[in-house]
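In order, the protein sequences belong to chains A, B, C and D.
Counting in the working numbering, the first sequence runs from -4 upward without gaps.
Counting in the working numbering, the second sequence runs from 2 upward without gaps.
Counting in the working numbering, the third sequence runs from 475 upward without gaps.
Counting in the working numbering, the fourth sequence runs from 2 upward without gaps.
Where a beta carbon is used, it is the ideal one built from N, C-alpha and C, also for glycine.
Here the structure is laid out as structure tokens; the discussion comes afterwards.
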Amino acid sequence: MGNEVNAKQILSAAEEIVSDVADFGDAVNAEVRYHTSGRRKNAYVYIEVTASQWRELALWLKKSKKVDYCSMITGIHWPENADATWQVVAHLLRTGVTNPAVVNKRVHETKVDIEGISGNEVPLEFEISMTIPETREPSVPSVADIWVGADWNEKETWDLVGIDFDGHVGMRRVLLPHDSPTGYHPLQKQHKLRYHDFNEMYDDAQGFGRKPEDSGRVK
Amino acid sequence: MILLATEDVLTIRDWVGIATDFVSENTIGMSRHWEYTDSVSNFLTEFIMCVMVFGGIMTTLLILLWMERKLLGRFMDRRGARTSLRSLWVGENGVTAGEWWNQLPFGTGVPVGMLNQFLNEVAGNDHELEAVSRVKNRSYHGVWWMLPGFFQNLADGMKFLTKEHMVPEKADRYVFEIAPFLIIATTVMCFTFIPLSPNFYSNNSEMSILFLMAIFSVAPLGVFFAGWSSNNKYTLLGGIRSAAQLTAYEIPLLVTVLSVVVLSGSFNLIEVIEFQADSGVWNIFLLPLGGVLFLVAMVAEVERIPFDMPEAEAELVEGWWTEYGGMRWGLMFASEYLRTYAACLLFAHFFLGGWEAPFEDTIPYIHYVPHILWVFLKAWFMFVFFVWFRAALHRVRTDQILEFGWRWLLPLSLVNLAMATALRLWVYDGINGEWPLLIPILITSISLALFILLSVDEDPEALEAQTRPFSVQTVDVASPGQHRE
Amino acid sequence: MAEMWISMGPQHPMTHGLWTLKVKIDGETVVDTEPDLGYIHRGVEKICEARDFTQITPYADRLCYASANTWSHAYIYAAEDLLEVEVPERAEYIRMVAVELQRIASHLMWLGAYCPDVGNLTGMVWCLREREMMMDLLQELGGSRMHYNFPRIGGVKRDLPIGFALRCRAKLKLFLDRIQEYEAILDESTIFLVRTQGVGYAKAEEMINHGVSGPNVRAAGHNYDVRWAHPYSIYDELDWEPSVERPSIKGSDCYDRYRVRVEEMRQSALMVLDGLDKMPGGADTHYQSGDPAILGKAPARAAEGQTGFHHFEDSRGESMFYLAGGGDERGKHPYRVSIRSPMFITIPYASKCMIGYKIADIPAIMGSFDPCIGETDR
Amino acid sequence: MVDEGQNYTTFSSRGLLDMVGDLNDKALEASRMKDFIGVLGGRFLNWAQRKSLFPLHLGIKCCALEMAAAGAPRFDAESFGVVFRSSPRQCDVLLINGPISKKFADPVVRLWEQMPEPKWCIAMGECAISGGPYFQSYNILEGVDTVIPVDVYIPGCPPRPEALIDGFGKLREKIIRIGAVPSEETEVRGAPIIVADD
């Protein structure tokens, strides 16, 4: 039987984080949420934070809570919400990876005793969300110096969604051509797909409801 | 018997000499320039022999290329090339090639049509084997005597003829055009001094081995020209790599050849072969180390895997010939294989007794086999090793071949030279012109035992500790590529 | 020679795809690197916003060409999280079989592409030979050769075909023997060892901080694996352990990354063999048979405010789909699909890794990280 | 698009044949040497060209793996004379096996211009033909034929390796029909072929 982190360990670790986050005050709201599918319905930590507090929270997570891995930072454009037009979602992981121990000039690989781990060693998922009200130049603080893995995620978010990151060094286009026009960020909602009017095809995938233009006039 | 070994049934060079003598005596000899008769006759002989040797080499080169494709295919669990000439008259997938022989003037195509009809009957689409193997999902492409895949290289070569010749605009045009000819010309010049049989060679100069080694190492200069003039960074790197690794393998190669020369007591290639025939022992049994060194250095010289850094496909797109296309590339491709062929022939001559049949004195009637056949068979046998290396080994890095050349090949070749000198000075029985029979047996068995012992490179201690066979586990051991500290 | 910039790519044998690695070299030594991506950026995330939830699966398949099944499963798990769908146990087993077979095929493709990187074509052809075997098995499951569209929201497309377990066992046992052939041509070759050992050092914590995960981290000596750390599916019922490699003191090198993938192929094959034994019977492969969501007539819906994400162990590291519901007024489309690609983060790190080595080490180091540009550019 | 970095000098073997035929020699004319050389040379050169098609080693997306699988033991494209080369100077066929993004549109034209005549282009897979599943995308061209001329289309997503080998077969048929040596007077490349369209 393969070992894995069980739901209890995850839940207690998540609750610990949530109770510790309360130190930040009103600017940071944390709660324990649960995945809704699968057999386990594991818990994860969901944190809502204002953009100004994001860097502080990130440093705290990195230093005190050993959150060492930035999985994804992405942005969403909600043009209809005036008070939350831009949303930045960060997914972090606590992996607990350490460099293998060196004993007697010989390396020994780390095998985690999965059932025995607790506290800051338990792998845990984080979802962090922050919103920015309606603005022409949305911006949140960069965390690329805390987790280097966030570097290219932030580049991509600026490239595709148009949310800038304060303090990010060397922001540039990564996926779009370098000569794309300034201010063109295709994942913003005002940009439509090519042939976006041609949507009936996708409403009725099998084409059962589709009729020829001259139906009824032809015998 | 020994006399027979150095003669040949086909004394072609003598016949050509007689013919040219006759011609020049009856033309020049009759005129007032009669004193030039011998020179003209010699020139004509050399010229005709050059053409014949080169023709023989070029036709058998097709066999070499075919071997490479087929063997490599078999090593890789593929079938290799299966293209046949059949599509010339059958067409492709139902689109027929048309009865083009009927367009030939004066009805000269009629025999072609009859031949075509015959071939279609015995090897055509409706052959029963074809249907069977299609059902079995094994493509049967003609009967074996149509040599499936043999004409693939012919097709490649003819295709290069029709390709457009492109010169990059910023390239140094003259050097760019000269470089291929430098490579090809020096490659062809090698074959003037490589005899194919005692009576089938174009020139037998006194110092032929010296000239051979000299002309063999001109080609890297052409490679450097080509790489530099293409105005491409990859080709430049390839050219520089070629020049850099030249010294690493060229000196061990020359020292190894020198050991053969010392052993045989002559700088003449034919005399080296005759010495092996006369003394009754091939050099490979006296200098096994020399044979290995020569093979390794030759693999580096002809730039094949594992030493093909100048054209390393993984990092430099196609290496120094990236910018060459069309016939110039085709010729350089052919010259690459010609150099390999020359290397194989030289190995056969230096170490495998040249045209001497194995056990020529013991097996009766074996000397009736034409000598030229033995030379080719030995060369092709050596080529199998080249293909084998290519299939089994990986590409080394530039610094690794330099290190390998200077640290291993050069000392070993010096040891080999010392061995050859000692053998020649103290062991060789100069009066009878023979080797004591015990010596080659002893050397060969000791070398084989050493080879087997040294092949077992597993470190028992490392195995026990579950470390790696090639230990870079500790910080102390220097390993190539550690420049990060 | 003065320092100069070389642009490796977009058409270059080293790249295993379509991207440019700009390299600054001093003689033969690499001084600086700069990756340039985006040559096959397709805008999948934007297109998916105009598709309903069942229609996104083929796009997820086409994200990574070497490892289609793992990506469509990564999407399906996220979509199930969004749509709150349960999956029967047999379907989970079938998914596990599909994913692990795909992992083997992907690693075979990697090994096949890695052999020419260090100058040997034979290994590549042998790996592709065995990959055909895995392709056949997956083709039986999904019906297509490369892009299977196999998982469904709440189950799988179809049950295992008759006799699949028999053929699968036979082929995997043959494959376990064939792995020794690769080790014979790679591990026993001193040239391969000197080319891969001692180049491209990477440390575990450094990699995690850079966002690199999966086999690359396990090669550095820590058995972190999403399959046990953030558990999903039925991996707890199987008898397995993530393959870990013991690196050198300076960190894991190319050889470690090669070893860990070969071991992972073994581990996955054993996992499939084990799973075929433990698979529960019955034909219960979907949570509700004849569900209209499968047929595409009445698509599944997710309202605004609902989100779903799922960390998934891809064959190249941790991949993730993040879905936000409420794409149109009926909630039929996702509002935002965001894809976490492991190689997108790994390629910059691998480019940094090769600074200080020779030009010939560039393909050896880059290849050892298993780049796949389809998922990188999205 | 004309790449001004290239400077072409054409060696056309047809020019050679014409030169032989233009010799103003009655005996040569009577021997109809030109017919001999034309028929034999033309047929053999055509055979050589269609038997040795070197595609460029260019892997774009999914179809690149099927291209690799076509070279693997089961399908073994090399036995049909298909050898992958990495340098466009040495290739005859540009095998486009994936979507062409706006960023790659310029390099792909440059690759095409770097290949010496006679050259062909095969569009493999839906993405290369029309943009395929990404036809709505903001960054993808609707098919490679918007930038370079295509000779053979191989539909499929991705097409199987057999289809690729069949595509090369169709290209050979085309070479039989329209000839291998490019001629100055006809710029028409002939109608494109669609595999499995017969």
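Using the rule of at least 16 other Cβ atoms within 10 Å of the residue's Cβ for burial, across every protein chain shown, is V164 (chain A) buried or exposed?
Label assigned to V164 (chain A): exposed.
Of the residues that make up the segment 700 to 711 of chain C, which ones have a beta carbon closer than 9 Å to any beta carbon in chain A?
Across the segment 700 to 711 of chain C, CB contacts with chain A closer than 9 Å involve V700, R701, W702, A703, H704, P705, Y706, S707, I708, Y709, D710 and E711, in sequence order along the chain.
Buried versus exposed, by CB contacts within 10 Å (16 or more), Y551 (chain C)
It is buried - the Cβ of Y551 (chain C) has at least 16 other Cβ atoms within 10 Å.
Since W81 (chain A) sits in a beta bridge, which residues does DSSP pair it with?
A:H72 and A:I127, per the DSSP bridge assignment.
Short check: CB of F226 (chain B) to CB of A172 (chain B), under 7 Å?
No, Cβ-Cβ distance for F226 (chain B) and A172 (chain B) is not below 7 Å.
Leaving aside the five residues before and after T38 (chain B) along the sequence, list all residues of the same chain whose C-beta is less than 7 Å from its C-beta, in chain order.
The beta carbon of T38 (chain B) is closer than 7 Å to those of S25, E26, I29 and G30 in its chain, skipping five residues each way along the sequence.
Alpha helix (DSSP H) runs contained entirely in the segment 309 to 372 of chain B, provided each spans 4 or more residues
If you keep only unbroken alpha helix (DSSP H) runs of at least 4 residues inside the segment 309 to 372 of chain B, you get 327 to 352.
Residue environment, S32 (chain B), which counts as buried when at least 16 other CB atoms sit within 10 Å
Exposed, since its Cβ has fewer than 16 Cβ neighbours within 10 Å.
Tell me whether the beta-carbon of S137 (chain A) lies closer than 7 Å to the beta-carbon of G162 (chain A).
Yes. Within cutoff.
Could you work out which residue in C:H784, C:W600 and C:Y709 is closest to M570 (chain C) when comparing CA atoms only?
Nearest C-alpha to M570 (chain C): C:Y709.
Supposed contact pair A313 (chain B) and T596 (chain C) - C-beta distance, whole angstroms, cut 8 Å:
Actually they do not touch by this definition, with Cβ atoms about 17 Å apart.
Buried or exposed (CB count within 10 angstroms, at least 16 for buried), Q50 (chain D)
By the neighbour-count rule (16 or more Cβ atoms within 10 Å), Q50 (chain D) is buried.
Assigned exposure category for N433 (chain B) - 16 Cβ within 10 Å defines buried
It is exposed - the Cβ of N433 (chain B) has fewer than 16 other Cβ atoms within 10 Å.
Decide yes or no for the touch test of the segment 295 to 308 of chain B against the segment 79 to 90 of chain D: beta carbon pairs closer than 8 Å, at least 3 of them.
Output reads no: the segment 79 to 90 of chain D does not touch the segment 295 to 308 of chain B.
Put H684 (chain C) into one of helix, strand or coil per three-state DSSP.
The three-state secondary structure of H684 (chain C), taken from DSSP, is coil.
Using only CA atoms, which one of A:G111, A:V143 and A:L188 lies nearest to F136 (chain D)?
Among A:G111, A:V143 and A:L188, the Cα nearest to that of F136 (chain D) is on A:L188.
For the alpha helix (DSSP H) that R810 (chain C) lies in, which residues bound it at each end?
Per DSSP, R810 (chain C) belongs to no alpha helix (DSSP H); it is in the beta strand (DSSP E), R810 to R814.
Proximity to S789 (chain C) [Cα-Cα], best of C:C827, C:D610, C:S546 and C:P484
Minimum Cα distance to S789 (chain C) is reached at C:S546.
Do you know offhand how far N148 (chain A)'s Cα is from D18 (chain A)'s?
About 29 Å.
Within 7 Å of any Cβ in chain A, is that where the Cβ of Q50 (chain D) sits?
Using a Cβ-Cβ cut-off of 7 Å, Q50 (chain D) does not count as an interface residue toward chain A, since no Cβ of chain A sits closer than that to its own.
Any C-beta of chain B sitting closer than 7 Å to the C-beta of P134 (chain D)?
No, because no Cβ of chain B sits closer than 7 Å to the Cβ of P134 (chain D).
Residues that H186 (chain A) contacts on chain D, provided the C-beta gap is smaller than 9 Å:
What H186 (chain A) touches in chain D: Y139.
Could you work out which residues of chain C lie near E1 (chain D), taking near to mean beta carbons separated by less than 8 Å?
Only positions 2 to 199 of chain D appear in this structure, which leaves residue 1 (chain D) out of reach.
Which stretch, first to last residue, makes up the alpha helix (DSSP H) that contains S842 (chain C)?
Going by DSSP, S842 (chain C) is part of the alpha helix (DSSP H) stretching over D835 to S842.
Quick check: the Cα distance between T7 (chain B) and V263 (chain B), rounded to an integer number of angstroms?
Bear in mind that a pLDDT of 45 at T7 (chain B), under 50, signals an unreliable position, so the number given afterwards is only what the model happens to contain. So the alpha carbons of these two residues sit roughly 21 Å apart.
Determine the burial state of D851 (chain C): buried for a count of at least 16 other Cβ atoms within 10 Å of its Cβ, exposed for fewer.
Sixteen is the threshold: when 16 or more other Cβ atoms of the shown chains lie within 10 Å of the Cβ of D851 (chain C), as they do, the residue is buried.
Sorted by chain position, which residues of the same chain lie with C-beta nearer than 6 Å to L182 (chain A)'s C-beta, five sequence neighbours on each side aside?
Within the same chain, L155 and V156 come within 6 Å of L182 (chain A) by CB-CB distance, once the 5 residues on both sides are set aside.
Cβ of P307 (chain B) within 7 Å of any chain C Cβ
With 7 Å as the cut-off, P307 (chain B) counts as an interface residue toward chain C.
Under the rule that 16 or more other beta-carbon atoms within 10 Å means buried, what is N154 (chain B), buried or exposed?
Classified as buried, N154 (chain B) has 16 or more neighbouring CB atoms from the shown chains inside 10 Å of its CB.
Within 7 Å (strictly less), CB to CB, does E316 (chain B) reach chain C?
Closer than 7 Å: yes.
Buried or exposed, going by whether 16 or more other CB atoms sit within 10 Å of the CB of L339 (chain B)?
Sixteen is the threshold: when 16 or more other Cβ atoms of the shown chains lie within 10 Å of the Cβ of L339 (chain B), as they do, the residue is buried.
Pairs of beta-carbons, one from the segment 303 to 317 of chain B and one from the segment 261 to 279 of chain B, closer than 8 Å: are there three or more?
The segment 303 to 317 of chain B, when compared against the segment 261 to 279 of chain B, does not touch it at the 8 Å Cβ threshold.
Compare the C-beta of S88 (chain D) with all C-beta atoms of chain B and state if any pair is closer than 7 Å.
It does: the Cβ of S88 (chain D) has a partner Cβ on chain B nearer than 7 Å.
Nearest-angstrom Cα separation, counted from A678 (chain C) out to N697 (chain C)
Roughly 10 Å separates the two Cα atoms.
Other residues of its chain near V50 (chain A): CB distance less than 7 Å, five sequence neighbours each side excluded
In the sequence on display, residue 50 (chain A) carries Arg and not Val. Closer than 7 Å at the Cβ level, and outside the excluded window around R50 (chain A), lie P136 and V138.
Would the segment 131 to 151 of chain D and the segment 96 to 107 of chain D be scored as touching if the rule is three or more Cβ pairs under 8 Å?
Counting Cβ pairs under 8 Å, three or more are found: they touch.
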